[in-house]
Every structure is written in C-alpha cells, then in structure tokens.
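Everything on this sheet refers to the single structure shown next.
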Amino acid sequence: MTGSHAGEIAIRATYAWARQNLRDADAIVALQLGADESMLAFGQGEQPEQVSVLPLGLQRLADRYFPDGRLSELLIEHAIAEVEDIVMPWHAMLPTAASLFTDDADIAGLARWADMPDNARPWRLTTEAVEQLFNRWAAVAQGRPASQDPLPTTGRFSATLLVLREWLHHLGFDGITVLHRKAQTD
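Here the sequence shown is numbered in my numbering, starting from 3 and rising by one per residue.
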C-alpha cells in the first residue's frame, strides 16, 4: 500500500467518524499531516466531496527549516512563507463555516501541550490555544532560555505547530477537534 493510498484511507476514516458522530456539522474538513505529504478531505455529505494530497510534509519541513531542533527567526519566516503558499489557495476551495477535525498523532501531541486531557474523547484545540503555543515557541526562537519553557523545539514538533498555526490562521477556522490517538510528537 502506498503512502498516499494509506493516507487516503486514514483521512476518509476521520471524515466518516466526524460525520457519523457530529450530525450537526454542516460541512466537515478533515486534516492529516504526514511526513512527506498531508491529506485533506472535505464535504457536506456522508462521503467527502473531495480528497486531496497537499505537498506539505512535516519531516521535509523539519529537515529543511528546523535541523537538530535549532530555531532561527529567519528560517521560521522562510518556513511560514512556504506553508502559506501551499495553504492559502485552499481558502477559496473549502466550504464556508466548516468544522475542522483530525486524528493526527502529531496534532494530538500539540494539543497535550495545550492541556488536552489524556482520554479517549474528542477535544477542541482552539485557534487561540495554538497561537499561545506558537508565541511560546517563537519566544524560544528569539532567545528565551529553554529552561524557562519546556515546550519542545524538535523539528517535527516545530513543523507541526507551524503548519497547524498557518492552517487555522489563514483559513479562518476557530479551532480543530482532535480525535484521541497516541502522540508521536515529543
């Protein structure tokens, strides 16, 4: 099974779970961040109207912009620009007033840093909470001693935080519902 095929199965399952359990949600967007690419499924029916592969891989971003967990303001700006170029076109394509869902383990790892309880229930990670995490992370990049904030700065964590922040910020979501899974992120 190829990575894209496995990713499509996973993103369709996330979409189906959201549709089955949250009938009130008119439009659903499901997001899955991967090492080499990310997946997106959205629609208003029982099945997604569209499933897409995004050329947005966490490991690729981590290797390119956050090597060895070192943060640089300049590299962060370059990473933001690259992610924006991929994310921004989706603003016109996604359904308006959609609810965003994921069962992505890396995003669940971020949610735990925003005090998501470690249980099996879905949890809402707000855009405000992601912005707070991003601001803490950016402060470390600007020189705040890591001893003052234990927030991880590993490449994968950094890439996940940056991608999710840009996704929420530019596409107008007020948060993302995280379906519980074991985290891969530190």
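Idealized CB from N, CA, C, for every residue including glycine.
Quiz item: Roughly how many whole angstroms lie between the Cα atoms of Tyr67 and Ala140?
Solution: 14 Å
Quiz item: Is the segment 73-93 touching the segment 129-136 in the sense that three or more CB pairs, one from each, lie closer than 8 Å?
Solution: Counting Cβ pairs under 8 Å, fewer than three are found: no touch.
Quiz item: Closest to Ala8 by CA distance: which of Leu24, Gln22 and Leu35 is it?
Solution: Leu35
Quiz prompt | CA-to-CA distance, Arg146 to Ile109, given in whole angstroms | solution = 24 Å
Quiz item: Among Asp28, Gly157 and Leu173, which residue has its Cα nearest to the Cα of Ala81?
Solution: Ranking the options by Cα distance to Ala81, first place goes to Gly157.
Quiz item: Exposed or buried, Ser101, counting other C-beta atoms within 10 Å across all chains shown (16 or more means buried)?
Solution: buried
Self-check item: Within 9 Å, strictly: CB atoms of Ala37 and Leu181
Solution: Ala37 places its beta carbon 9 Å or farther from that of Leu181.
Self-check item: Exposure of Asp105, with buried meaning 16 or more beta-carbon neighbours within 10 Å
Solution: buried
Quiz prompt | Start and end residues, beta strand (DSSP E) containing Trp125 | solution = Residues Trp125 to Thr128.
Practice problem: Kindly provide the ranges of any beta strand (DSSP E) runs that are 3 or more residues long and lie completely inside the segment 51-130, ordered along the chain. | Solution: 52-56, 101-104 and 125-128
Quiz item: Which class does Ile155 belong to by DSSP, given the choice of helix, strand or coil?
Solution: Per the sequence shown, the amino acid found at residue 155 is Thr instead of Ile. Thr155 falls in the coil class under three-state DSSP.
Exercise. State the CB to CB distance for the pair Ala143 and Leu127, rounded to an integer number of angstroms; the pair is presumed to be in contact (CB under 8 Å).
Key: So it is not a contact: roughly 21 Å between Cβ atoms.
Quiz item: If Phe175 sits next to Thr129, beta carbons under 8 Å apart, how far is it from one beta carbon to the other, in whole angstroms?
Solution: 6 Å
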